[in-house]
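Trainee:
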Amino acid sequence: MTDLNKSALNEMDGITPPEITSANAIDKIKKLRRTIPTAQELITNILNQDKVALSRAITLIESTNPEHLEKANEVIQACIPYANKSIRIGITGVPGVGKSTFIEAFGSYLTSIGKKVAVLAVDPSSSISGGSILGDKTRMEELVKDPNAYIRPSASGNSLGGVARKTRESIILCEACGFDTIIVETVGVGQSETAVHSMVDFFLLLNLAGAGDELQGIKRGIMEMADAIVINKADGDNIKRARIAKLDVNRALHLFPTKASGWTPTAHLCSAIEKNGIESIWKMIEEYLFLTTNNSFFDKNRNDQAQHWMMETINEQIQSKFYQNPEIISQLEIQKLLVNSNKISPFKAAQNLLDLYFKK
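Going by my numbering, the sequence shown opens with residue -6, and the numbers climb by one from there.
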């Protein structure tokens, strides 16, 4: 018969904690974990360029808890006067184009010339499980260790095209925390590009040589939004193909209508892994800033974007409150059944629900 005292099913006493771990140190760690900073503490620390406070505030922004939302709004409102003092750059491209490698090389160059860089990298998450990879900090090994850089991966979830719902507010907090260059990375090609384009000053499209004509239809809409196109991975045996691709892209760009900014987009070569072409890309962005600042487009574009996001927030809040309304919740399934049984049209069902919500 098995001796239960020696069985793996019998719980043992465990290992005695080492003597070097003082009770005082343990108490401090526990206290730190329990401490929840007030909105005012977060505001003060963010303005003192504390990255930990910045991360905690962005976590509040991304929360769906109503109490967190109220606290986040207080922090954002207090930070607004200290924001809007940066250049916001959106970076997109098809998966595999080397966005993370480019951003690390680009961000490292910017910090080397005295810039403070915040990267808001929207991370892919599964539409089935909801799980997120959150691998940007792993891929940007050098930049994440740079004291003048901050990388914040956010799970895309079910939001529009993979763009984190609160990226716009996160930009404001990063600016208030002293970051003068904000980079917003998108997950790939899709509707997310439209959303990112509406929150940045300069929109950069990374491309590959010899990607094939099958992508041209997808890229056309994005190329129209782009302020510059960078042919990445222009190194090794790929240099000749990259040069040909640059010529092809420049020809295509001449066919697009003139931009409201007065800027003419061009194609550039880059090898992010060899760090070639990075400096010239930044010089080009500086030229864009000089042009758009002097012709007043920069400020006008920022104002238009702010109004756009105000309207988007109204639409989002109305939709959220509509579906959370108890009467709507109870009637929604009934209206769906009526539509499925062809007793009423989808339009009539929608009107019934709207009338109920607005009590007409």
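Idealized CB from N, CA, C, for every residue including glycine.
Flag this pair as touching only if the segment 312 to 328 and the segment 275 to 294 have three or more C-beta atom pairs under 8 Å; answer yes or no.
Mentor: No contact exists between the segment 312 to 328 and the segment 275 to 294.
Trainee: Can you give the Cα-Cα distance for residue 185 and residue 253, rounded to whole angstroms?
Mentor: On the sequence shown, residue 185 is found 192 positions in, with the first residue counted as 1. On the sequence shown, residue 253 is found 260 positions in, with the first residue counted as 1. One C-alpha to the other measures close to 22 Å.
Trainee: Measuring alpha carbon to alpha carbon, tell me which of 224, 246 and 244 ends up nearest residue 236.
Mentor: As a position in the sequence shown, residue 236 is number 243, starting the count at 1. It is 224.
Trainee: Is the CB-CB distance between residue 84 and residue 278 below 8 Å?
Mentor: As a working mapping, residue 84 is identified with position 91 in the sequence shown. As a working mapping, residue 278 is identified with position 285 in the sequence shown. Against a cut-off of 8 Å, the Cβ pair of residue 278 and residue 84 comes out as no contact.
Trainee: Going by the CB atoms, is the gap between residue 256 and residue 285 shorter than 8 Å?
Mentor: Here residue 285 corresponds to residue number 292 of the sequence shown, with the count starting at 1. Here residue 256 corresponds to residue number 263 of the sequence shown, with the count starting at 1. Going by C-beta atoms, residue 285 is nearer than 8 Å to residue 256.
Trainee: Whole angstroms is fine: what's the gap from residue 329's alpha carbon to residue 351's?
Mentor: Here residue 329 refers to the residue found at position 336 of the sequence shown. Here residue 351 refers to the residue found at position 358 of the sequence shown. Computed Cα separation, rounded: 19 Å.
Trainee: So, residue 227 versus residue 246, is the Cβ gap smaller than 8 Å?
Mentor: Here residue 227 corresponds to residue number 234 of the sequence shown, with the count starting at 1. Here residue 246 corresponds to residue number 253 of the sequence shown, with the count starting at 1. Contact flag unset, no.
Trainee: Go to residue 224, then tell me how far its beta strand (DSSP E) extends in each direction, as first and last residue.
Mentor: As a working mapping, residue 224 is identified with position 231 in the sequence shown. It spans 221 to 224 - the beta strand (DSSP E) in which residue 224 sits, taken as one unbroken run.
Trainee: Please give the ranges of any alpha helix (DSSP H) in the segment 40 to 102, keeping only runs that are unbroken, at least 4 residues long and fully inside the region.
Mentor: Runs found: 44 to 55 and 59 to 72.
Trainee: DSSP three-state label for residue 200, please.
Mentor: Your numbering for residue 200 matches position 207 in the sequence shown. Strand, per DSSP.
Trainee: List the residues that DSSP assigns as beta-bridge partners of residue 262.
Mentor: Position 269 of the sequence shown, counting from 1, holds the residue named residue 262. According to DSSP, residue 262 bridges with 224.
Trainee: Express the C-alpha separation of residue 35 and residue 312 in angstroms, rounding to a whole number.
Mentor: Numbered from 1 along the sequence shown, position 319 holds the residue referred to as residue 312. Numbered from 1 along the sequence shown, position 42 holds the residue referred to as residue 35. Those two C-alpha atoms are separated by around 30 Å.
Trainee: Is residue 335 helix, strand or coil when you go by DSSP?
Mentor: Position 342 of the sequence shown, counting from 1, holds the residue named residue 335. Correct three-state label for residue 335: coil.
Trainee: Here's the rule: buried if 16 or more other CB atoms are within 10 angstroms of the residue's CB, otherwise exposed. What is residue 194?
Mentor: For the purposes of this step, residue 194 is identified with residue 201 of the sequence shown, where counting begins at 1. Burial call: buried.
Trainee: Report buried or exposed for residue 29, applying the criterion of at least 16 other Cβ atoms within 10 angstroms of its Cβ.
Mentor: Working through the sequence shown from its first residue, we reach residue 29 at position 36. Per the 10 Å Cβ criterion, exposed.
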